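See structure below.
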Amino acid sequence: MKNTFDVIVIGAGHAGVESAFAVQRLGKQVLLSCTDFGTVAYMACNPAIGGTAKGHLVREIDALGGEMGLTADQSLVQIKMLNRAKGPAVFSLRGQQDKNHYHEIMLEKLRSKENITLVEKEAVEVIVEEGKAKGVRFSDGYVAYAGAVVLAAGVYLNGRIITGDYVLSSGPSGYAPANGLTDNLIALGLPIRRFKTGTPARIYRDSIDFSKMEIQLGEHADRFSFMSKASTFEEEPCYLTYTNEETHKIILDNIHRSPLYNGSISGVGPRYCPSIEDKVVRFMDKSRHQIFVEPEGLHSDEMYVQGMSSSLPHDVQEKMYRTLPGLENCRFAKYAYAIEYDCIDPLALKPSLETKAVENLFAAGQVNGSSGYEEAGAQGLMAGVNAVRKIEGKTPFILRRDEAYIGVLIDDLVTKGTNEPYRMMTARAEHRIKLRQDNADMRLTEIGYELGLVSEERYKALLDKKAQMAEIVKESKKTVQKELAEEILTKWGEPLSRKTPTLEDMMKRPNAVLEDVKSLIPFEVDDEALNSVIIECRYSGYLEKEEGIVREQKRLEDKLLPEDIDYFSIKALRIEARQKLDKIRPLNLGQASRISGVSPADIAVLIVYLQKMNR
Numbered sequence: 001m002k003n004t005f006d007v008i009v010i011g012a013g014h015a016g017v018e019s020a021f022a023v024q025r026l027g028k029q030v031l032l033s034c035t036d037f038g039t040v041a042y043m044a045c046n047p048a049i050g051g052t053a054k055g056h057l058v059r060e061i062d063a064l065g066g067e068m069g070l071t072a073d074q075s076l077v078q079i080k081m082l083n084r085a086k087g088p089a090v091f092s093l094r095g096q097q098d099k100n101h102y103h104e105i106m107l108e109k110l111r112s113k114e115n116i117t118l119v120e121k122e123a124v125e126v127i128v129e130e131g132k133a134k135g136v137r138f139s140d141g142y143v144a145y146a147g148a149v150v151l152a153a154g155v156y157l158n159g160r161i162i163t164g165d166y167v168l169s170s171g172p173s174g175y176a177p178a179n180g181l182t183d184n185l186i187a188l189g190l191p192i193r194r195f196k197t198g199t200p201a202r203i204y205r206d207s208i209d210f211s212k213m214e215i216q217l218g219e220h221a222d223r224f225s226f227m228s229k230a231s232t233f234e235e236e237p238c239y240l241t242y243t244n245e246e247t248h249k250i251i252l253d254n255i256h257r258s259p260l261y262n263g264s265i266s267g268v269g270p271r272y273c274p275s276i277e278d279k280v281v282r283f284m285d286k287s288r289h290q291i292f293v294e295p296e297g298l299h300s301d302e303m304y305v306q307g308m309s310s311s312l313p314h315d316v317q318e319k320m321y322r323t324l325p326g327l328e329n330c331r332f333a334k335y336a337y338a339i340e341y342d343c344i345d346p347l348a349l350k351p352s353l354e355t356k357a358v359e360n361l362f363a364a365g366q367v368n369g370s371s372g373y374e375e376a377g378a379q380g381l382m383a384g385v386n387a388v389r390k391i392e393g394k395t396p397f398i399l400r401r402d403e404a405y406i407g408v409l410i411d412d413l414v415t416k417g418t419n420e421p422y423r424m425m426t427a428r429a430e431h432r433i434k435l436r437q438d439n440a441d442m443r444l445t446e447i448g449y450e451l452g453l454v455s456e457e458r459y460k461a462l463l464d465k466k467a468q469m470a471e472i473v474k475e476s477k478k479t480v481q482k483e484l485a486e487e488i489l490t491k492w493g494e495p496l497s498r499k500t501p502t503l504e505d506m507m508k509r510p511n512a513v514l515e516d517v518k519s520l521i522p523f524e525v526d527d528e529a530l531n532s533v534i535i536e537c538r539y540s541g542y543l544e545k546e547e548g549i550v551r552e553q554k555r556l557e558d559k560l561l562p563e564d565i566d567y568f569s570i571k572a573l574r575i576e577a578r579q580k581l582d583k584i585r586p587l588n589l590g591q592a593s594r595i596s597g598v599s600p601a602d603i604a605v606l607i608v609y610l611q612k613m614n615r
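Note that this note's numbering gives residue 615 to position 615 of the sequence shown, counting from 1, and the numbers run on in steps of one.
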């Protein structure tokens, strides 16, 4: 096997595969390594893609030419839009996947690409010469060289599974851990911390009494990828049940046996996806918690019990699971467990996801302290693009916070850091009215095309959508026949207009129905294009205000800070600000303003400093 590539990607989870595909689309040769082919794009935890804010990330990955959305659509067993009771800005798709089919599709796609070499090897050393990553040494002695390396090791670094008193050196789902790389990363100057996550038990389907649960059906309403055609798929329902006082009593009576509470686990767990014992202890006033029972795949024998993640011993798990309505006689296919792993402090990364300690070494995914398949995929794509741009001598590709949720995700990690597994949420995006999932292609596909990530077919689809939206906007300025307008407004339960409304006026009504609006347009229109125009109309006032805020923020983003600036020499800065600025080394005033511990007064000092430098 040859040993020279353009980029080497360590790890083939959701970050690694998106990174490898990005490198491949940019015309470079990539070596993608994993400890086991079974780990390729494997869903070690929930069998789902998307969710609140995560659906936005999937749409953005797709708009930039990534694979996650397309593969998710090809392996759906259910899909629905979350947050329909709220505004379109926070609508988020969530799809139940056939997890094995998702893995198989992604594996086949990787193997079909001539310039992706997929190997089953454990990386033990990043080879560094003169401060630059030059290659990777593997446990079997094989050495590969490249212009850049992307570390996407997920939760495998020194992975340790914990259930009660039982501790096993392991990656998720029994896959082998990667125990040889952490010491090398520490020696290279990367700060390492210990995080924890976990997963619930899998229960045999034929041991569940679904009649005691509430059925949860999907919508067949939408797709993740802008390129997926509407199609039918065989739907699998999910089910809702609840914990009760008996469940909580069993947990509290055995809390001393929980590794979370007896000191066996040192890693920091996710705040927004806690174990069931953590929920019961933290929310003592709640008499019950929602539990969703989800299929692992189409006609799968195993059901995933979302909300019951735990590290309690097996005997306690059996007792507490069987207190849930419908699970009284359940049989366990796999027990719940917690997993600890090593990860990098993301403050050690540049906004390009290149490490500050080692040039040409990039990091992406859960190894950066984030959680979730979607967060990983987004970082993987960006790290792959920037690895290629680095070896080509080009400037990094960095998305701003007002351009994409991906920009918010990476900026939060590298500027603010995280003390727990980071999860993307709509509340983290201050420009969320602008960053909707329906317009991800309008925001990003042209950028992706210019970078070389997006195909001609995808770019043409964007141009067609833009042209149709322009036609609809032009038509929207015309008035609607008065009698017809009154008939439709009455149907919507909207007050009648004093003057004859335009189509735009109709679209702005909060109760407007897409099909009715469509009937007012004298030419054939695509639902997706029309929906985007309706949302833009409704939000037009807010979007105008948003643009003013974005322009002001961009003014700060455009003021670059010298790489070699000596913050400790600027005496007007507070001591804390000097320390934080020196540690993070922000690229510009905008990034500096978001650092915890840097005040507006400190930013004013930096502005004066830059003005003096320019003079």
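Cβ atoms here follow ideal geometry from the backbone N, Cα and C, with glycine treated the same way.
In this text, all values refer to a predicted model and were calculated from it rather than measured experimentally.
| Okay, do the segment 132-146 and the segment 160-174 touch, 3+ Cβ pairs below 8 Å being the bar? | No, because fewer than three Cβ pairs between the segment 132-146 and the segment 160-174 fall closer than 8 Å, the two stretches do not touch.
| query | Are at least three pairs of beta-carbons, each pair with one atom in the segment 323-334 and one in the segment 219-228, less than 8 Å apart? | reply | With a cut-off of 8 Å, the segment 219-228 and the segment 323-334 do not count as touching, because too few Cβ pairs lie within range.
| Bridge partner(s) assigned by DSSP for GLU354 | For the purposes of this step, residue 354 is taken as residue 354 along the sequence shown, with counting starting at 1. Answer is PHE362.
| query | How about ILE339 and THR243: do their beta carbons lie closer than 9 Å? | reply | Residue mapping note: residue 339 aligns to position 339 of the sequence shown, counting from 1. Residue mapping note: residue 243 aligns to position 243 of the sequence shown, counting from 1. No, the pair does not count as a contact, with Cβ atoms beyond the cut-off.
| request: Starting from ALA148, trace the beta strand (DSSP E) both ways and give me its first and last residue. | output: Working through the sequence shown from its first residue, we reach residue 148 at position 148. If you look at ALA148, you'll find it in the beta strand (DSSP E) that goes 148-151.
| field | Stretch pair the segment 182-191 + the segment 298-317: three plus CB contacts closer than 8 Å | value | Verdict: no, contact absent.
| query | Can you tell me whether DSSP reads VAL598 as helix, strand or coil? | reply | Counting from one through the sequence shown, the residue named residue 598 turns up at place 598. The answer is coil: DSSP assigns VAL598 none of H, G, I, E or B.
| request: Could you round the C-beta distance between ILE398 and PRO351 to whole angstroms and report it? I think they count as a contact, below 8 Å. | output: Locating residue 398 in the sequence shown gives position 398, where the first residue counts as 1. Locating residue 351 in the sequence shown gives position 351, where the first residue counts as 1. Contact holds; Cβ gap of about 5 Å.
| message | Restricting to Cα atoms, I'd like to know which of ALA348, GLU108, TRP492 and SER300 is closest to LEU185. | response | As a working mapping, residue 185 is identified with position 185 in the sequence shown. Of all alpha-carbon atoms in ALA348, GLU108, TRP492 and SER300, the one lying nearest the alpha-carbon of LEU185 is that of ALA348.
| request: Starting from the Cα of ARG443, find the closest Cα among LYS121, LEU181 and ILE61 and give me that residue. | output: On the sequence shown, position 443 is the one that residue 443 refers to. Between ARG443 and the set LYS121, LEU181 and ILE61, the nearest pair of CA atoms involves ILE61.
| task | Compare the Cα-Cα distances from TYR142 to each of LYS2, ALA512, ASP285 and PHE210 and report the closest residue. | result | Within the sequence shown, residue 142 is the residue found at index 142, counting from 1. Nearest C-alpha to TYR142: LYS2.
| said: Measuring alpha carbon to alpha carbon, tell me which residue in GLY65, MET106 and HIS14 is nearest GLU450. | reply: Numbered from 1 along the sequence shown, position 450 holds the residue referred to as residue 450. For the residues GLY65, MET106 and HIS14, the minimum Cα distance to GLU450 belongs to GLY65.
| field | Identity of the residues DSSP links to MET81 by a beta bridge | value | Start at 1 with the first residue of the sequence shown, and residue 81 comes out as number 81. According to DSSP, which records beta bridges pairwise, MET81 is partnered with LEU93.
| said: Quick test of your reading: VAL480 and LEU514, contact by CB under 8 Å. State the CB separation rounded to the nearest angstrom. | reply: The residue labelled residue 480 in the question sits at position 480 within the sequence shown. The residue labelled residue 514 in the question sits at position 514 within the sequence shown. Not quite, the Cβ-Cβ distance comes to about 16 Å (not below 8 Å), so this is no contact.
| query | Between which two residues does the alpha helix (DSSP H) harbouring GLY13 extend? | reply | Taking the first residue of the sequence shown as position 1, residue 13 is located at position 13. Element bounds for GLY13: n/a, residue is neither H nor E.
| Between the CA atoms of THR415 and ILE618 - distance to the nearest angstrom | Given a span of 1 to 615 for the chain in the structure shown, any question on residue 618 remains unanswerable.
| task | Give the straight-line distance between the Cα atoms of MET425 and LYS434, rounded to the nearest whole angstrom. | result | Residue mapping note: residue 425 aligns to position 425 of the sequence shown, counting from 1. Residue mapping note: residue 434 aligns to position 434 of the sequence shown, counting from 1. The alpha-carbon atoms of MET425 and LYS434 are separated by roughly 15 Å.
| task | Select from ILE127, MET68, VAL23 and GLY95 the residue whose C-alpha is nearest the C-alpha of LYS113. | result | Numbered from its first residue, the sequence shown carries residue 113 at position 113. Measuring C-alpha to C-alpha distances from LYS113 to each of ILE127, MET68, VAL23 and GLY95 identifies VAL23 as the nearest.
| said: Determine whether the beta carbon atoms of ASP580 and ILE595 lie at a separation below 9 Å. | reply: Counted from its first residue, the sequence shown places residue 580 at position 580. Counted from its first residue, the sequence shown places residue 595 at position 595. The sequence given here has Lys at residue 580, not Asp. Taking 9 Å as the Cβ cut-off, LYS580 and ILE595 qualify as a contacting pair.
| field | Start and end residues, beta strand (DSSP E) containing ALA336 | value | In the sequence shown, counting from the first residue as 1, residue 336 sits at position 336. No beta strand (DSSP E) holds ALA336; DSSP gives it neither H nor E.
| task | Report all residues from its chain with a CB closer than 7 Å to the CB of SER207; omit the five preceding and five following residues, and keep chain order. | result | By 1-based counting over the sequence shown, the position of residue 207 is 207. ASN329, CYS330 and ARG331, listed in sequence order.
| Under the rule that 16 or more other beta-carbon atoms within 10 Å means buried, what is TYR321, buried or exposed? | Working through the sequence shown from its first residue, we reach residue 321 at position 321. With 16 or more Cβ atoms within 10 Å of its Cβ, TYR321 is classed as buried.
| query | Name the DSSP beta bridge partners of ARG193, please? | reply | The count along the sequence shown starts at 1 and reaches residue 193 at position 193. Residue pairing by DSSP places ARG193 opposite CYS343 in a beta bridge.
| message | Please tell me whether LYS559 and LEU489 are closer than 9 Å, where the distance is taken between their beta carbons. | response | Numbered from its first residue, the sequence shown carries residue 559 at position 559. Numbered from its first residue, the sequence shown carries residue 489 at position 489. Annotated as distal: LYS559 and LEU489, with beta-carbon spacing of 9 Å or more.
| request: Flag this pair as yes or no: are the beta carbons of PHE210 and TYR239 separated by less than 9 Å? | output: Position 210 of the sequence shown, counted from the start, is the residue given in the question as residue 210. Position 239 of the sequence shown, counted from the start, is the residue given in the question as residue 239. Going by C-beta atoms, PHE210 is nearer than 9 Å to TYR239.
| task | Report the partner residues of PHE292 according to the DSSP bridge assignment. | result | Residue numbering aside, residue 292 sits at position 292 when the sequence shown is read from its first letter. Its beta-bridge partners are LEU240 and GLN306.
| task | Just tell me which of ILE8, PRO200, ARG194 and VAL40 has its CA closest to the CA of GLY369. | result | Counting from 1 along the sequence shown, the entry for residue 369 is found at position 369. Nearest Cα to GLY369 within the set ILE8, PRO200, ARG194 and VAL40: ARG194.
| field | Where the beta strand (DSSP E) containing GLY171 begins and where it ends | value | Locating residue 171 in the sequence shown gives position 171, where the first residue counts as 1. Neither: GLY171 is in no beta strand (DSSP E) and is coded neither H nor E.
| request: Find out if the Cβ-Cβ distance for the pair VAL124, LEU181 is shorter than 9 Å. | output: Residue numbering aside, residue 124 sits at position 124 when the sequence shown is read from its first letter. Residue numbering aside, residue 181 sits at position 181 when the sequence shown is read from its first letter. Less than 9 Å divides the Cβ of VAL124 from the Cβ of LEU181.
| field | Segments assigned beta strand (DSSP E), at least 3 residues, entirely inside the segment 43-84 | value | Restricted to the segment 43-84, the beta strand (DSSP E) segments that are unbroken, complete and at least 3 residues in length are 48-50 and 76-82, listed in chain order.
| query | What are the start and end residues of the alpha helix (DSSP H) that includes TYR321? | reply | Translated into positions along the sequence shown, residue 321 becomes position 321. Taken as a continuous stretch (DSSP letters only), the alpha helix (DSSP H) holding TYR321 covers 314-321.
| Validate contact between the segment 456-471 and the segment 523-539 using beta carbons, cut 8 Å, 3 pairs | Judged by Cβ distances under 8 Å, the segment 456-471 makes contact with the segment 523-539, as three or more pairs qualify.
| task | Decide if ASP464 is buried, meaning its Cβ has at least 16 other Cβ atoms within 10 Å, or exposed. | result | To locate residue 464, count along the sequence shown from 1; it is residue 464. Classification for ASP464: exposed.
| Of the listed residues TYR304, LYS474, VAL280 and PRO421, nearest to CYS537 (C-alpha basis) | Counting from 1 along the sequence shown, the entry for residue 537 is found at position 537. Nearest option by C-alpha distance: LYS474.
| Going straight from the alpha carbon of ARG574 to that of LYS279, what length do you get? | Taking the first residue of the sequence shown as position 1, residue 574 is located at position 574. Taking the first residue of the sequence shown as position 1, residue 279 is located at position 279. Approximately 40 Å, taken between the alpha carbons.
| Straight-line gap, HIS289 to THR4 (C-alpha atoms, nearest Å) | On the sequence shown, position 289 is the one that residue 289 refers to. On the sequence shown, position 4 is the one that residue 4 refers to. Taking the straight line joining both Cα atoms gives about 53 Å.
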